[in-house]
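Structure, as structure tokens:
There are 2 protein chains.
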Amino acid sequence: MDVDTGMETGPVTGQAGGPDAGGEIAPPARRPRVQKNVTTALGLDICSERYPVGTALPKESDLCELYGVSRTVVRESLKILATKGLVNSRPRVGTVVCDKAEWNLLDAQILEWMGPRIQDLDLLGCILETRRTVEPVAAEFAAERASVQEIADLEAAWKRMHDAGPDTEAFTRADVQFHEILLKASHNQVFRQLSSIIHAALMYSLHRSNEVIDHRDEALDIHRDLVEALRLRDGAAARAASHRMLDTAVRDLAPALRGGRQDADGS
Amino acid sequence: MDVDTGMETGPVTGQAGGPDAGGEIAPPARRPRVQKNVTTALGLDICSERYPVGTALPKESDLCELYGVSRTVVRESLKILATKGLVNSRPRVGTVVCDKAEWNLLDAQILEWMGPRIQDLDLLGCILETRRTVEPVAAEFAAERASVQEIADLEAAWKRMHDAGPDTEAFTRADVQFHEILLKASHNQVFRQLSSIIHAALMYSLHRSNEVIDHRDEALDIHRDLVEALRLRDGAAARAASHRMLDTAVRDLAPALRGGRQDADGS
DNA sequence: ATCCATAAATAGTATGACTATACGGGAAGA
DNA sequence: TCTTCCCGTATAGTCATACTATTTATGGAT
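Written out as structure tokens, the structure is:
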């Protein structure tokens, strides 16, 4: 993140940059690239429910003032957010925040913007269900289809987990990479698209579990078994290892999933 | 589709609309809304490999002339395409088409733009694998979680299939809707995001299978069994019905999947 | 031959003006 | 009084132009 996360809305550039009044020598007029900052700021404000679902954002000209940028930048940012399903613009009505059912949950940026709020809407539960459904199959496919290089990459990721030692952060990072490589090695393009959401979920859940040393040792063993199964092209073993992996995830996440499943959609 | 599909690139508006030369009474200057048309045209041209992966699109000012629109429209269209992972713009370099691995395959518009080319990259095979992985689980979840309304909607979709008679088109439409409602009834938000891709794949594959009367009768039976299982809240039966459904899909699509799996990614 | 400065090309930003669209209220009609 | 239609108005959509930032390519100096 190269943006001030958590910042309140406000000028994105240090230079207010109003029209250069007077016929002076025209000071150079700085024009930094602020598109990403504005998009991120708006995305964060939407995902944090600062602009709740169904309400309208300030009109474009107001957003220009708020962030101190031109309408060009604001409009292009809104177009990006609209493409992600976050908002919907209509003349005379304004730009309204879409229902969460329309949000593109597989979008990495949205998940980043949601941050800890990923726990809303049972999202963590949904993702865990998806992992339990998809990952064992992906592991089985990977056993058949993974290239030698991909298996080596998996082993390298495992080694990074192993060598992380007491560094929980590094351990989690390697763990996430492991699962991304696995999805890729399944050679199913749809599965690979799920990487982003699994990435986000793991970053917010693995970290906790991985703080327990015992758990990390157990995870290391299972991950190694999976790599070994891929090397032997043993689909059943790979599937079994993946299942074990997810069972421990369920066990460790159970406390965080309290509250049962509610109807989260607007039907 | 409210756009001239298959059209070559060219002015999107009938009115060339150059700058009104002279100090005349300023003829009204038509300004139709052309954003969607331009985006669609560019999307089609990219997905049809008119602009192959890795190559650069014409520069923005050229695109303005090509489509007879302002740079604003072109830029916002490119921003949309960039958000979908189709292109990537950089100063001095231009706007280059991204590798297909970065395309957002879960995006309904992209799938629409790909049209029959959905068969490239083993996409049809990947989607079928995904369905076989996800749909039975979704059916099982739906058995537990579907609302009465959702089950009624499923039954209504089934009835539309039943009543379609010889209208293959209507039958396929209802069939697709059935599967979308099922995914929604699983009350797993990630599963629901898969609707778009399953929708596209079914529209391009079911149509063929559904032309055979025998198959349609069989499909009707299985779909009814699934609804019945949901009504009885029998997860195992729902799962079994879904499995049977997909087995017939595999059987019917087998001819279209010849050629085996190749490595489609650029690793 | 290598490296650095300069130039050129292209996307990014800014501004102001106009148009199309859709909501809301008021007038005309039942 | 209620309904329908029209029109004013607010807001996003489009257009044109000018300028800035960034990156590649070129050419010259070491």
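Protein chains in written order, with our numbering: chain A, 27 to 293; chain B, 27 to 293.
By construction, the Cβ of each residue, glycine as well, lies at the ideal position given by its N, Cα and C atoms.
**C-beta atoms of His-249 (chain B) and Phe-217 (chain B) nearer than 8 Å** = One-based indexing of the second sequence puts residue 249 (chain B) at position 223. One-based indexing of the second sequence puts residue 217 (chain B) at position 191. Cβ atoms of His-249 (chain B) and Phe-217 (chain B): not closer than 8 Å.
**Request:** Note down, in chain order, all residues in the segment 150 to 168 of chain B with a beta-carbon under 8 Å from any beta-carbon belonging to chain A.
**Result:** Cys-152, Ile-153, Glu-155, Thr-156, Thr-159, Val-160, Val-163 and Phe-167
**Request:** Assign Ala-172 (chain B) to one of three DSSP states: helix, strand, or coil.
**Result:** For the purposes of this step, residue 172 (chain B) is taken as residue 146 along the second sequence, with counting starting at 1. In the structure shown, Ala-172 (chain B) sits in coil (DSSP, three-state: anything other than H, G, I, E or B).
**Request:** At 8 Å on the CB atoms, spell out the chain A contacts of Asn-214 (chain B), in chain order.
**Result:** Residue numbering aside, residue 214 (chain B) sits at position 188 when the second sequence is read from its first letter. Near Asn-214 (chain B) (Cβ distances below 8 Å), the residues of chain A are Cys-152, Glu-155 and Thr-156.
**Request:** Taking only beta carbons into account, state which residues of the segment 215 to 233 of chain B come closer than 8 Å to chain A, listed in chain order.
**Result:** Gln-215, Val-216, Phe-217, Arg-218, Gln-219, Leu-220 and Ile-223
**Asked** Taking the alpha carbon of Ala-255 (chain A) as the point to measure from, which residue in A:Met-140, A:Trp-139 and A:Phe-167 has its own alpha carbon closest?
**Response** If you number the first sequence from 1, residue 255 (chain A) lands on position 229. Of the candidates A:Met-140, A:Trp-139 and A:Phe-167, the one whose C-alpha sits nearest the C-alpha of Ala-255 (chain A) is A:Phe-167.
**Prompt:** Taking DSSP as the reference, what is the three-state secondary structure of Val-123 (chain A)?
**Reply:** Position 97 of the first sequence holds residue 123 (chain A). Note: Val-123 (chain A) maps to strand in three-state DSSP.
**Item:** Residue range of the unbroken beta strand (DSSP E) whose run includes Val-276 (chain A)
**Value:** Locating residue 276 (chain A) in the first sequence gives position 250, counting from the first residue. Unbroken run through Val-276 (chain A) is the alpha helix (DSSP H), 261 to 279; no beta strand (DSSP E).
**Request:** Check the DSSP bridge columns for Arg-116 (chain B) and list the partner residues they point to.
**Result:** Position 90 of the second sequence holds residue 116 (chain B). Looking at the DSSP assignment, Arg-116 (chain B) forms a beta bridge with B:Gly-120.
**Request:** Identify every residue that forms a DSSP beta bridge with Ala-82 (chain A).
**Result:** Here the question's residue 82 (chain A) lines up with position 56 in the first sequence. DSSP, once it has assigned bridges, lists A:Val-122 as partnering Ala-82 (chain A).
**Item:** Secondary structure, alpha helix (DSSP H): runs of 4+ residues fully inside the segment 193 to 231 of chain B
**Value:** 194 to 211 and 215 to 219
**Asked** Hey, how far is the Cα of Val-123 (chain B) from the Cα of Val-238 (chain A)?
**Response** Taking the second sequence and counting its residues from 1, the one referred to as residue 123 (chain B) is at position 97. Taking the first sequence and counting its residues from 1, the one referred to as residue 238 (chain A) is at position 212. The alpha-carbon atoms of Val-123 (chain B) and Val-238 (chain A) are separated by roughly 45 Å.
**Asked** With a Cβ-Cβ cutoff of 8 Å, do Glu-176 (chain B) and Ile-207 (chain B) count as a contact?
**Response** Walking along the second sequence from the start, residue 176 (chain B) turns up at place 150. Walking along the second sequence from the start, residue 207 (chain B) turns up at place 181. Going by C-beta atoms, Glu-176 (chain B) is nearer than 8 Å to Ile-207 (chain B).
**Message:** Short of 7 Å in beta carbon distance, which residues of its chain neighbour Ile-106 (chain B), apart from the five on each side in sequence? Order them along the chain.
**Reply:** Numbered from 1 along the second sequence, position 80 holds the residue referred to as residue 106 (chain B). Thr-65, listed in sequence order.
**Request:** Assign Pro-162 (chain A) to buried or exposed, taking buried as 16 or more other Cβ atoms, counted over all protein chains shown, within 10 Å of its Cβ.
**Result:** As a position in the first sequence, residue 162 (chain A) is number 136, starting the count at 1. By the 10 Å Cβ count, Pro-162 (chain A) comes out buried.
**Message:** Buried or exposed, going by whether 16 or more other CB atoms sit within 10 Å of the CB of Ala-67 (chain A)?
**Reply:** The residue given as residue 67 (chain A) occupies position 41 in the first sequence. Answer is buried; the Cβ neighbour count reaches 16.
**Message:** Please confirm whether Lys-62 (chain A) has its beta-carbon closer than 8 Å to some beta-carbon of chain B.
**Reply:** For the purposes of this step, residue 62 (chain A) is identified with residue 36 of the first sequence, where counting begins at 1. False, the Cβ-Cβ gap to chain B never drops below 8 Å.
**Candidates B:Gly-94, B:Asn-63, B:Ser-96 and B:Ile-72: closest to Lys-110 (chain B) by CA position** = As a first step, residue 110 (chain B) is located in the second sequence; it is residue number 84 there, counting from the start. Minimum Cα distance to Lys-110 (chain B) is reached at B:Ile-72.
**Message:** Let me check understanding here. Comparing Cα to Cα, which of B:Asn-63, B:Ser-268, B:Val-174 and B:Pro-192 lies closest to Leu-104 (chain B)?
**Reply:** Locating residue 104 (chain B) in the second sequence gives position 78, counting from the first residue. Answer by Cα proximity: B:Asn-63.
**Prompt:** Just reading off the alpha helix (DSSP H) that Ile-106 (chain B) is part of, what are its end residues?
**Reply:** As a first step, residue 106 (chain B) must be located in the second sequence, where it is residue number 80. Here the alpha helix (DSSP H) through Ile-106 (chain B) covers 97 to 109.
**Message:** Considering Cα atoms alone, identify which of A:Pro-84, A:Asp-247, A:His-269 and A:Leu-112 is closest to Glu-181 (chain A).
**Reply:** Your numbering for residue 181 (chain A) matches position 155 in the first sequence. Answer by Cα proximity: A:Asp-247.
**Request:** Pair every Cβ in the segment 72 to 84 of chain A with every Cβ in the segment 131 to 143 of chain A, then say whether three or more of these pairs are closer than 8 Å.
**Result:** yes
**Item:** Environment of Thr-11 (chain A) [buried if 16+ CB atoms lie within 10 Å]
**Value:** No information on residue 11 (chain A) is available, as it lies outside the stretch 27 to 293 that chain A covers here.
**Prompt:** Between the segment 69 to 102 of chain B and chain A, which residues of the former have a C-beta closer than 9 Å to a C-beta of the latter?
**Reply:** Thr-98, Arg-101 and Glu-102
**Request:** Pull up the distance between the alpha-carbon of Ala-280 (chain A) and that of Ala-165 (chain A), whole angstroms please.
**Result:** The residue you call residue 280 (chain A) lines up with position 254 of the first sequence. The residue you call residue 165 (chain A) lines up with position 139 of the first sequence. Approximately 24 Å, taken between the alpha carbons.
**Contacting positions in the segment 122 to 145 of chain A - beta carbon closer than 7 Å to chain B** = Leu-131 and Leu-132
**Asked** Which chain B residues are close to Ile-106 (chain A), counting only those with a beta carbon under 9 Å from its beta carbon?
**Response** Residue 106 (chain A) sits at position 80 when you count from the first residue of the first sequence. The answer, in chain order, is Lys-105, Ile-106, Ala-108 and Thr-109.
**Status (buried if at least 16 other CB within 10 Å, exposed otherwise) for Gly-69 (chain B)** = Here residue 69 (chain B) corresponds to residue number 43 of the second sequence, with the count starting at 1. When all chains shown are included, Gly-69 (chain B) counts as buried.
**For Asn-130 (chain A), the first and last residue of its enclosing alpha helix (DSSP H)** = As a first step, residue 130 (chain A) is located in the first sequence; it is residue number 104 there, counting from the start. Element bounds for Asn-130 (chain A): n/a, residue is neither H nor E.
**Request:** Please report how far the alpha carbon of Leu-149 (chain B) lies from the alpha carbon of Gln-215 (chain A), in whole angstroms.
**Result:** Counted from its first residue, the second sequence places residue 149 (chain B) at position 123. Counted from its first residue, the first sequence places residue 215 (chain A) at position 189. When rounded, the distance between both Cα atoms is 7 Å.
**Item:** Assigned exposure category for Asp-88 (chain A) - 16 Cβ within 10 Å defines buried
**Value:** Here residue 88 (chain A) corresponds to residue number 62 of the first sequence, with the count starting at 1. So Asp-88 (chain A) ends up on the exposed side.
**Request:** Identify, in the order they occur along the chain, each residue of the same chain with its Cβ nearer than 6 Å to the Cβ of Asp-278 (chain B), setting aside the five sequence neighbours on each side.
**Result:** As a position in the second sequence, residue 278 (chain B) is number 252, starting the count at 1. Here the set comprises Ser-235.
**Prompt:** How many Å lie between Pro-84 (chain B) and Pro-78 (chain B) at the Cα?
**Reply:** Locating residue 84 (chain B) in the second sequence gives position 58, counting from the first residue. Locating residue 78 (chain B) in the second sequence gives position 52, counting from the first residue. Pro-84 (chain B) and Pro-78 (chain B): Cα-Cα distance of roughly 12 Å.
**Request:** Would you tell me roughly how many angstroms separate the C-alpha atoms of Ser-58 (chain B) and Met-187 (chain A), rounded to the nearest one?
**Result:** The count along the second sequence starts at 1 and reaches residue 58 (chain B) at position 32. The count along the first sequence starts at 1 and reaches residue 187 (chain A) at position 161. As written in the sequence, residue 58 (chain B) is Pro, which differs from the Ser given in the question. The straight-line gap from Cα to Cα measures roughly 57 Å.
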